[in-house]
Amino acid sequence: MKLSCKVSMIQMRVRKTKEDSLLTAGEKIKTAAKDGADFVILPEMFTCPYETENFPIYAEDENGESVRRLSSAAAENHVYLVGGSLPERDDTGKVYNTSFVFDREGRVIAKHRKAHLFDIDIKGGQFFKESDTLTPGDKATVFSTEFGMIGLCICYDIRFPELFRRMVEDGANMVFCPAAFNRTTGPRHWELLFRSRAVDNQIFVAGVSPAADESASYIAYGHSILVSPWGEILYEAEEDETVLTKTIDLTEVERAREQLPLLKHRRKEIY
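At position 269 of the sequence shown (counting the first as 1) the number is 269 in UniProt numbering, and the numbers step up by one without a gap.
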């Protein structure tokens, strides 16, 4: 297993058309690849305005144009590409919030359907109900690379520590999370949740958000973030568009677990 890797987080605004979003993503993937990225991560719903009524309109099947374009981008730039997330329609017409992962040759090596749907109503803040148009996924997702096993989740999934523990038990030493927190939940919980999941499981965790768009009905918080197994924030963006690239030392996972053996100290007989 290789002991270090470069992670690039692409924080971009959703464009007015799907085509423009895909073109923008393609250019930013090239930028990340030129900087030596091994993993490139796009934001949640990066081609679709974040509104429940848009998800069925923008939905494609797993062999649709967006997946084909992302596959080509991964192969052309020889990177692992976490394709943010897209509205995916299955053969029965159900729509999912889905993240596809591509290897360096452009092959799909993982697919995660958001397991926990964002149905909230915060007094004086955000109201959103993904279940109006989306169906939840039913699996924890990990995939294999030369850097070890990587976990994958989407946005609201991060609030459920059980899902993270399942990914870690399946071997994950790093988890990528395309996400679109907003200005109600972001300031309160964004850093807290990413640092908590990293410390709970002694893994690297990366959260990749769309950039803020003041003209959108749903304004993303931005602040894409990379956290170490010790809970240290290694990189955090502001709200604007950016590509953040960081080299991480994967041996830090084992060092953290040796020095503070949380996983070994679990009492499975009582919980």
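For every residue, glycine included, the Cβ atom is placed at its ideal position computed from N, Cα and C.
Treat the numbers as computed from the prediction; the structure is a model and nothing was measured.
Proximity of PHE204 and VAL7 at Cβ, strictly below 9 Å: For the purposes of this step, residue 204 is taken as residue 204 along the sequence shown, with counting starting at 1. For the purposes of this step, residue 7 is taken as residue 7 along the sequence shown, with counting starting at 1. Against a cut-off of 9 Å, the Cβ pair of VAL7 and PHE204 comes out as a contact.
Run the CB neighbour count on PHE127, radius 10 Å, all protein chains shown included, and call it buried at 16 or more, exposed below. Working through the sequence shown from its first residue, we reach residue 127 at position 127. When all chains shown are included, PHE127 counts as exposed.
Given this structure, state the Cα-to-Cα distance separating GLY231 from THR245, to the nearest angstrom. For the purposes of this step, residue 231 is taken as the residue at position 231 of the sequence shown. For the purposes of this step, residue 245 is taken as the residue at position 245 of the sequence shown. Answer to the nearest angstrom: the Cα atoms are 18 Å apart.
Count the other C-beta atoms from every protein chain shown that fall within 10 angstroms of the C-beta of ASN77, then say buried if there are 16 or more, exposed otherwise. Along the sequence shown, read from residue 1 onward, the residue named residue 77 stands at position 77. Buried: at least 16 other Cβ atoms inside 10 Å.
Strand pairing of ASN182, partner residues [DSSP]: The count along the sequence shown starts at 1 and reaches residue 182 at position 182. ALA220, per the DSSP bridge assignment.
Threshold first: 3 residues or longer. Then list the beta strand (DSSP E) segments lying entirely within the region 116-156, N to C. 119-121, 127-129, 141-145, 148-152
Taking GLU252 and PRO229 to be in contact with their CB atoms under 8 Å, please state how far apart those CB atoms are, rounded to whole angstroms. By 1-based counting over the sequence shown, the position of residue 252 is 252. By 1-based counting over the sequence shown, the position of residue 229 is 229. About 5 Å separates the two Cβ atoms, so the contact holds.
Could you tell me which uninterrupted alpha helix (DSSP H) segments, each at least 4 residues in length, are contained entirely in the region 206-267, listed from first to last along the chain? 251-259
Please list the segments of the alpha helix (DSSP H) lying wholly inside the region 61-121, counting only runs of 4 or more residues, in order along the chain. 65-77
Residues sharing a beta bridge with SER8, DSSP: Your numbering for residue 8 matches position 8 in the sequence shown. Per DSSP, VAL40, THR245.
Cβ neighbours of ARG257 in the same chain (closer than 7 Å, five flanking residues each side left out): The residue given as residue 257 occupies position 257 in the sequence shown. Here the set comprises GLN202, LEU263.
DSSP-derived helix/strand/coil call for MET174: Position 174 of the sequence shown holds residue 174. Looking at MET174 - three-state DSSP - the assignment turns out to be strand.
Grab me the residues of ARG165's own chain with a C-beta within less than 8 Å of its C-beta, minus the 5 sequence neighbours each way, in chain order. As a first step, residue 165 is located in the sequence shown; it is residue number 165 there, counting from the start. Taken in chain order, the residues that qualify are ASP200, ASN201.
Nonlocal neighbours in the same chain, by C-beta distance under 6 Å from ALA115, ignoring five residues either side: For this step, residue 115 is matched to residue 115 along the sequence shown. Excluding positions up to five away in sequence, the list reads PRO136, GLY137, ASP157.
Note down, in chain order, each residue of its chain lying with its Cβ closer than 6 Å to the Cβ of ARG69, except the 5 sequence neighbours on either side. Counting from one through the sequence shown, the residue named residue 69 turns up at place 69. Contacts found: LEU22.
Please report the distance separating the alpha-carbon of ALA180 from that of MET1. On the sequence shown, residue 180 is found 180 positions in, with the first residue counted as 1. On the sequence shown, residue 1 is found 1 positions in, with the first residue counted as 1. In a straight line, the C-alpha of ALA180 is about 32 Å away from that of MET1.
Using the beta-carbon count (16 or more within 10 Å), is residue 338 buried or exposed? Because the chain here runs from 1 to 271, residue 338 falls outside it and cannot be looked at.
Count the C-beta pairs between the region 190-200 and the region 26-42 that are closer than 8 Å, then say yes if the count reaches three, no if not. no
From which residue to which residue does the alpha helix (DSSP H) around GLU162 run? Translated into the one-based positions of the sequence shown, residue 162 becomes position 162. It spans 161-169 - the alpha helix (DSSP H) in which GLU162 sits, taken as one unbroken run.
Report the residue from TYR235, ASP249, HIS189 whose alpha carbon sits nearest the alpha carbon of VAL243. Walking along the sequence shown from the start, residue 243 turns up at place 243. Selected option, being the one with the closest Cα: TYR235.
Closer than 8 Å is the cut-off here; do at least three beta carbon pairs connect the region 28-37 with the region 50-58? no
Within 10 Å of its beta-carbon, does TYR271 have 16 or more other beta-carbons around it, so buried, or fewer, so exposed? Residue 271 sits at position 271 when you count from the first residue of the sequence shown. Label assigned to TYR271: exposed.
How far does the alpha helix (DSSP H) with ILE29 in it reach, from first residue to last? By 1-based counting over the sequence shown, the position of residue 29 is 29. Unbroken alpha helix (DSSP H) run through ILE29: 18-34.
Helix, strand or coil at PHE46 [DSSP, three-state]: Residue mapping note: residue 46 aligns to position 46 of the sequence shown, counting from 1. Correct three-state label for PHE46: coil.
Are the region 144-156 and the region 95-105 touching, with three or more C-beta to C-beta distances below 8 Å? yes
Quick check: VAL67 and VAL108, are their CB atoms within less than 9 Å of each other? The residue you call residue 67 lines up with position 67 of the sequence shown. The residue you call residue 108 lines up with position 108 of the sequence shown. In this structure, VAL108 lies closer than 9 Å to VAL67 by Cβ.
Excluding the five sequence neighbours on either side, which residues of its own chain have a C-beta within less than 6 Å of the C-beta of PRO43, listed in chain order? Stepping through the sequence shown from its first residue, residue 43 is reached at position 43. Same-chain partners within the cutoff: GLY84, PRO178, VAL208, SER209, PRO210.
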